[in-house]
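In the numbering used here, the protein residues as written are 261 to 610.
All residues carry an ideal CB built from backbone N, CA and C; glycine is no exception.
From a predicted model like this one, the values you see are computed outputs, not experimental measurements.
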Amino acid sequence: MDRGTTPAVLVTGGAGYIGAHTAKALHELGFVPVVYDNLISGFREAVRWGPFVHGDIRDRAALGEAMETHGVKAVIHFAGLIEVGRSVARPDLFWDVNVAGTTCLLTVMRERGVGRLVFSSSAAVYGQGGRGALETIPEHAEKAPASPYGDTKLAAEWMIQAQCRAYGLSAVALRYFNAAGADPSGLIGEAHEPETHLIPLAIAAALGDGKPLTVFGQDFDTPDGTCLRDYIHVSDLAAAHVAALEADLPVGAFEAVNVGTGQGRSVTEVVETVGRAAGRAVPHSLGARRAGDPPSLVADPRRALELLRWAPRHSSIDEIVADALRWERNPCYGSGLRGSTGRRKSQIVV
Ligand code: UFG
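What follows is the structure, given as structure tokens:
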């Protein structure tokens, strides 16, 4: 996509964690990020780099109006539900928002002649499958989602691919591994409600703002018995979206690309890194496995380099944890804003 002539990009879910970081990256590279978000899990305070439109991903009229008003030429689509556990309890909701919502968006794009899409997919499409615990995952690996959440991401990919072929859209689905960290500015960061992710929970435990961490399972077939994940700095992830937007793709092309580092880190390693960075050990206990957790999810990241000319630059576990810690000590929004004392964290000496 040409930055000079087609700068307006609709960022659905742009008030959320990865969406907000991507809006910032777009702005810094000369695009106008038009954030479209229903603010159910996103934050208005996270929209700082372009216009904001309040709307739901299943609202065809509102999507069309946003594209029309702002002269949108491409879409980065983050809007969706992400909590794996909730997807087991409410698969209907996940199919409605993640799959029917994506169908609605594609219809409006087709009506408006918007021909380029970057889709927020997930390593959850892989599950464990028949893979060995220490094998990295190339894009063509077996797809065996372990949750309805993963099912909806895979189904949406299939639908996008079919519509690329049928209608000449070109699209990249980015399969994220474990997004973590925060923008070094301190203006935006991770704020999920409820928070279920390892790094923010480990930091909250270390800072005394949360419950002690429970390590889910120590008997996996991995080097130290805890799960291996591929943590990717959210700023690197944001850069991958811009690279996908600008990738030279033929009309009708669909590409699915892993976004990870190729390096697995165990839960124990992450807990130790957080303890070192925070200057105090993470209070934790050892618990049972969490349902649906594959022992290992580590990307084979070669396709991203080849197709997108993208490689991570800020994703050492130390840099990720340092940036996450800066944010968690002084978040600008989210329930983490208040510690157990009810004061803003910025007023609490830690
Ligand atoms: N973990 C703990 N204790 C916690 C939270 C997490 O031990 O309190 C462990 C998990 O068992 C896992 C690792 O830390 O081994 C990472 O867990 P996260 O919840 O931070 O991340 P997940 O790997 O579960 O989730 C990621 C993405 C999801 C995606 C999923 C696919 O965030 O969007 O991978 O498996 F669906």
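Where the beta strand (DSSP E) containing residue i begins and where it ends
| i | result |
| --- | --- |
| D297 | 292-297 |
| T456 | It is not in any beta strand (DSSP E) - T456 carries neither H nor E in the DSSP assignment. |
| L365 | No beta strand (DSSP E) contains L365, which is instead part of the alpha helix (DSSP H) from 361-372. |
| S380 | 376-382 |
| A268 | 268-272 |
| G623 | The structure shown does not extend to residue 623, since the chain is modelled only from 261 to 610, so the question has no answer here. |
| V517 | 514-519 |
| S430 | 430-436 |
| T474 | 473-476 |
| H501 | Not the beta strand (DSSP E): H501 falls in the alpha helix (DSSP H), residues 494-506. |
| A334 | 334-337 |
Residue environment, residue i, which counts as buried when at least 16 other CB atoms sit within 10 Å
| i | result |
| --- | --- |
| W418 | exposed |
| E399 | buried |
| K471 | exposed |
| P293 | buried |
| G302 | buried |
| G273 | buried |
| H314 | exposed |
| Y427 | exposed |
| G594 | buried |
| P572 | buried |
| E450 | buried |
| S495 | buried |
| P405 | buried |
| S545 | exposed |
| R394 | Position check: residue 394 holds Leu in this sequence, whereas Arg was assumed. Exposed, by the Cβ-count rule. |
| A349 | exposed |
| G340 | buried |
| A657 | Summary: the structure shown does not reach residue 657, with the chain confined to residues 261 through 610, and so no result is reported for it. |
| R435 | buried |
| R525 | buried |
| R549 | exposed |
| R425 | exposed |
Residue i versus residue j - alpha carbon distance
| i | j | result |
| --- | --- | --- |
| G290 | L505 | 13 Å |
| W355 | V368 | 19 Å |
| G375 | R540 | 50 Å |
| S407 | A498 | 25 Å |
| H326 | S347 | First, the residue type needs correcting, since residue 326 is Ala and not His in the sequence shown. One C-alpha to the other measures close to 29 Å. |
| L473 | A465 | 6 Å |
| R589 | F338 | 26 Å |
| N358 | D481 | 32 Å |
| S576 | A564 | 18 Å |
| V581 | A431 | 32 Å |
| G310 | I336 | 14 Å |
| D352 | L299 | 20 Å |
| R569 | A503 | 7 Å |
| V295 | A283 | 8 Å |
| I342 | P454 | 11 Å |
| D469 | A462 | 10 Å |
| T363 | G522 | 32 Å |
| D578 | G441 | 10 Å |
| F476 | G410 | 20 Å |
| N438 | V517 | 14 Å |
Delimiting residues of the alpha helix (DSSP H) encompassing residue i
| i | result |
| --- | --- |
| E395 | No alpha helix (DSSP H) contains E395, which DSSP labels as neither H nor E. |
| I278 | 277-288 |
| T412 | 408-427 |
| F354 | 351-354 |
| V530 | 527-538 |
Contact belief for residue i with residue j at Cβ below 8 Å, rounded distance in angstroms
| i | j | result |
| --- | --- | --- |
| G520 | D490 | 4 Å |
| Q234 | P555 | The chain is shown only over 261 to 610; residue 234 falls outside these bounds and no answer can be derived. |
| K413 | S445 | No, K413 and S445 are not in contact; Cβ-Cβ is about 29 Å, not under 8 Å. |
| A401 | A559 | No, A401 and A559 are not in contact; Cβ-Cβ is about 10 Å, not under 8 Å. |
| H330 | A268 | 5 Å |
| A537 | L585 | 5 Å |
| H452 | Y277 | 7 Å |
| V534 | I459 | 7 Å |
Contact test: residue i Cβ vs the ligand HEM heavy atom, cutoff 7 Å
| i | result |
| --- | --- |
| F379 | For the ligand HEM, the structure offers nothing, since it holds only the ligand UFG. |
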